[in-house]
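J.:
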Amino acid sequence: MKIIRCFLLVLLTCLNVCLFGQINWQDSTVQAITYWEMYDSITYGIQLEKIQVKENDTVSYDLISYDVGVTVIDSAESYYIVEWHYCNFQYSGNNPLAEKIMGISEDIIVEILIDELGVVKGVENWEEVKEYTYAVIDKVVEEPTTLPEVNTMLLGMKQFYATEEGVINIAIQDALQFHTFFGSKYSLNERIEGLVKVPNLYYPESPFDADVKIDVVKLDSDENSYSLRYEHIVDKDQLLATTLDYLKSLGIPDEVFEAVDLSGLENTVVCDSMIDNSGWVISSRQVKKVSASGVEETEIRTISMK
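Last residue of the sequence shown: 353 (our numbering), numbering continuous.
Take a look at the structure:
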């Protein structure tokens with residue numbers, strides 16, 4: 048009987064590793080993988096803060112909040128299709144354009160394709176997302192109170208949603224943050240460093256190089272979860288060249304263009320996520336900063352399980 052009990056204990060331990068093997072407590076390693084089932088569903092609250100600071104004074108602060116229902120709607124051995132259902136949009140701030148956009152935003156469903164490890168591979172209904180975005184832009188442009196220069200900018204934004212790659216880079220930033228760490232193995236107290244490619248919104252075919260660092264911050268046996276931190280800094284020369292090209296494309300007069308000060312231009316991203324042992328993100332906070340010549344723009348996206 049004792050042998051049978053020992054065998055059962057070993058068997059159950061093996062099953063636990065196979066079915067829920069994100070965390071290996073013995074060697075303090077984690078492998079971020081999605082162990083999901085059909086129709087698994089979690090609701091998240093998301094807040095997006097946008098802050099502009101000039102010479103240490105806050106110039107503007109905007110807060111956008113909404114809910115997302117994340118549901119597995121299809122799965123196979125090599126992939127999942129996960130539905131992100133956006134709803135309950137709210138806006139707080141002093142940006143009339145953002146207020147207009149939030150005022151006419153309605154529920155939208157985005158179907159995201161991920162591989163068996165949880166790495167984002169595409170957007171199944173990207174054309175629907177494109178048409179939804181075009182409709183929102185057109186409604187704002189049609190309003191008589193929208194300034195001509197704002198109309199030009201909004202209509203120009205359509206080009207970023209014209210392809211699936213563009214939709215991935217812009218429209219599903221919540222999901223990209225959510226899936227930041229999936230598909231890799233990490234060890235406590237062993238930093239991963241290297242070079243990664245990050246999206247270049249203006250030239251999607253030429254992504255930026257970025258120096259990256261990834262750390263396992265904590266393994267929590269009580270919560271059966273782990274926490275990770277990701278940081279990257281975009282190559283400054285590539286960032287400067289793209290920014291100058293973009294400013295030139297806007298048709299800015301030469302005398303104005305020559306006066307633009309891009310000294311100290313920098314783009315950084317820091318993401319901290321807590322993930323449970325079945326592959327669901329418990330919480331995630333990402334901070335993006337773009338700074339140049341005494342002006343800093345910060346975007347903070349917080350994803351919290353409800």
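Quick reminder that beta carbons are idealized off the backbone N, C-alpha and C, glycines included. Because the structure is a prediction, the values reported are computed rather than measured.
(1) How many angstroms separate the CA atom of S88 from the CA atom of A79?
(2) Find the nearest neighbour of S325 within the set E163, I159, I350, judged by alpha-carbon distance.
(3) At which residue ranges does the segment 265–291 contain complete beta strand (DSSP E) runs of 3 or more residues, listed in the order of the chain?
(4) Between A222 and the rest of its own chain, which residues show a CB-CB distance below 7 Å, the 5 nearest in sequence each way excluded?
(5) Can you tell me whether I350 is buried or exposed? The criterion is at least 16 other CB atoms within 10 Å of its CB, across all chains shown.
(6) Could you give the DSSP three-state label for W327: helix, strand or coil?
(7) Using only the alpha-carbon positions, how far apart do G68 and L266 sit?
(8) Shortest alpha-carbon distance to Y179 belongs to which of T199, D154, G203?
(9) What is the DSSP secondary structure of T193, reduced to helix, strand or coil?
(10) Please report the straight-line C-alpha distance between S231 and L275, rounded to a whole angstrom.
(11) Is the segment 186–198 in contact with the segment 234–247, if contact means three or more CB pairs nearer than 8 Å?
(12) Tell me which residue opens and which closes the beta strand (DSSP E) that I155 is part of.
(13) Quick one: residues in its chain with C-beta nearer than 6 Å to the C-beta of M321, no 5 flanking neighbours on either side, listed in chain order?
(14) How would you write the range of the beta strand (DSSP E) that M149 sits in, first residue to last?
(15) Where does Q73 land, buried or exposed, given buried means 16+ other C-beta within 10 angstroms?
(16) Residue range of the beta strand (DSSP E) that G241 falls in?
(17) So what's T34 in DSSP terms, helix, strand or just coil?
(18) Tell whether a beta-carbon distance below 8 Å holds between M149 and Y133.
(19) For W83 and E305, I'd like the C-alpha separation in whole angstroms.
(20) Is the beta carbon of T90 sitting closer than 8 Å to the one on D121?
(21) Using a Cβ-Cβ cutoff of less than 6 Å, which residues in the same chain neighbour V337 once the five nearest sequence positions on both sides are dropped?
(22) For the candidate residues N216, E211, V117, whose alpha-carbon lies nearest to that of I93?
(23) Check S139 in the structure and name its three-state DSSP category.
(24) Which of the three DSSP states is assigned to Y86 in this structure?
(25) Which whole-angstrom value is the C-beta distance of V356 and V214, which I expect to be below 8 Å?
(26) Got a sec, what are the start and stop residues for the alpha helix (DSSP H) L110 sits in?
(27) Using DSSP's beta-bridge definition, name the partner residues of E96.
(28) Can you look up S231 in the DSSP assignment and give me helix, strand or coil?
(29) Can you tell me whether DSSP reads G68 as helix, strand or coil?
(30) In terms of alpha-carbon separation, which member of D185, E211, T210, Y208 lies closest to T199?
(31) Using 10 angstroms around the beta-carbon of N135, count the other beta-carbons present and answer buried if the total reaches 16, otherwise exposed.
T.: In short, the structure shows the following:
(1) Stepping through the sequence shown from its first residue, residue 88 is reached at position 41. Stepping through the sequence shown from its first residue, residue 79 is reached at position 32. S88 and A79 have their alpha carbons spaced roughly 18 Å apart.
(2) To locate residue 325, count along the sequence shown from 1; it is residue 278. Considering only alpha carbons, the answer is E163.
(3) Within the segment 265–291, the complete beta strand (DSSP E) segments of 3 residues or longer fall at 272–281, listed in chain order.
(4) The count along the sequence shown starts at 1 and reaches residue 222 at position 175. Hits under 7 Å: W131, I159, V167.
(5) In the sequence shown, counting from the first residue as 1, residue 350 sits at position 303. Buried, by the Cβ-count rule.
(6) Within the sequence shown, residue 327 is the residue found at index 280, counting from 1. Assignment of W327 by DSSP, reduced to helix, strand and coil, places it in the coil class.
(7) Residue 68 sits at position 21 when you count from the first residue of the sequence shown. Residue 266 sits at position 219 when you count from the first residue of the sequence shown. Because G68 sits at a pLDDT of 49, beneath the cut-off of 50, its placement in the model cannot be relied upon, and the point is left open.
(8) Counting from 1 along the sequence shown, the entry for residue 179 is found at position 132. Ranked by how close their Cα comes to the Cα of Y179, the residues T199, D154, G203 have D154 in first place.
(9) Against the sequence shown, residue 193 aligns to sequence position 146. In the structure shown, T193 sits in coil (DSSP, three-state: anything other than H, G, I, E or B).
(10) Working through the sequence shown from its first residue, we reach residue 231 at position 184. Working through the sequence shown from its first residue, we reach residue 275 at position 228. A direct Cα-Cα distance of roughly 12 Å separates S231 from L275.
(11) No: the two stretches stay apart, fewer than three of their Cβ pairs being nearer than 8 Å.
(12) For the purposes of this step, residue 155 is taken as residue 108 along the sequence shown, with counting starting at 1. Here the beta strand (DSSP E) through I155 covers 155–162.
(13) Working through the sequence shown from its first residue, we reach residue 321 at position 274. If we look at M321 and ignore the five residues flanking it on each side, its Cβ neighbours are S272, S274, I329, S330.
(14) Residue 149 sits at position 102 when you count from the first residue of the sequence shown. Segment 143–151 is the alpha helix (DSSP H) holding M149; no beta strand (DSSP E) there.
(15) Walking along the sequence shown from the start, residue 73 turns up at place 26. Exposed, by the Cβ-count rule.
(16) Counted from its first residue, the sequence shown places residue 241 at position 194. Its beta strand (DSSP E) spans residues 239–245.
(17) Summary: the structure shown does not reach residue 34, with the chain confined to residues 48 through 353, and so no result is reported for it.
(18) Here residue 149 is taken as the residue at index 102 of the sequence shown, counted from 1. Here residue 133 is taken as the residue at index 86 of the sequence shown, counted from 1. Cβ atoms of M149 and Y133: not closer than 8 Å.
(19) For the purposes of this step, residue 83 is taken as residue 36 along the sequence shown, with counting starting at 1. For the purposes of this step, residue 305 is taken as residue 258 along the sequence shown, with counting starting at 1. Near 54 Å, if we compare the C-alpha coordinates of E305 and W83.
(20) Within the sequence shown, the letter at position 43 stands for residue 90. Within the sequence shown, the letter at position 74 stands for residue 121. Judged by beta-carbon spacing, D121 lies beyond the 8 Å limit of T90, meaning their Cβ atoms are not closer than that value.
(21) Start at 1 with the first residue of the sequence shown, and residue 337 comes out as number 290. Taking V337 as the centre and dropping the five residues before and after it, the same chain places the C-beta of N314, E344 closer than 6 Å to its C-beta, in chain order.
(22) Along the sequence shown, one-based indexing puts residue 93 at 46. The shortest Cα separation from I93 among N216, E211, V117 belongs to V117.
(23) On the sequence shown, position 92 is the one that residue 139 refers to. The answer is strand: DSSP assigns S139 an E or B state.
(24) As a first step, residue 86 is located in the sequence shown; it is residue number 39 there, counting from the start. Taken through DSSP and simplified to helix, strand or coil, Y86 comes out as coil.
(25) A query on residue 356 cannot be resolved here, the shown segment of the chain reaching from 48 to 353 and no further.
(26) Within the sequence shown, the letter at position 63 stands for residue 110. It is not in any alpha helix (DSSP H) - L110 instead sits in the beta strand (DSSP E) that spans 104–122.
(27) Residue 96 sits at position 49 when you count from the first residue of the sequence shown. DSSP, once it has assigned bridges, lists L110, I347 as partnering E96.
(28) Sequence index remark: in the sequence shown, residue 231 carries index 184 (1-based). Annotated three-state conformation of S231 is coil, per DSSP.
(29) As a working mapping, residue 68 is identified with position 21 in the sequence shown. With a pLDDT of only 49 at G68, under the threshold of 50, the placement of this residue in the model should not be trusted, and no figure is reported.
(30) Indexing the sequence shown from 1 puts residue 199 at position 152. Residue D185 is the option with its Cα nearest to T199.
(31) Here residue 135 refers to the residue found at position 88 of the sequence shown. Counting every other CB atom within 10 Å of its CB across the protein chains shown gives N135 a total below 16, marking it as exposed.
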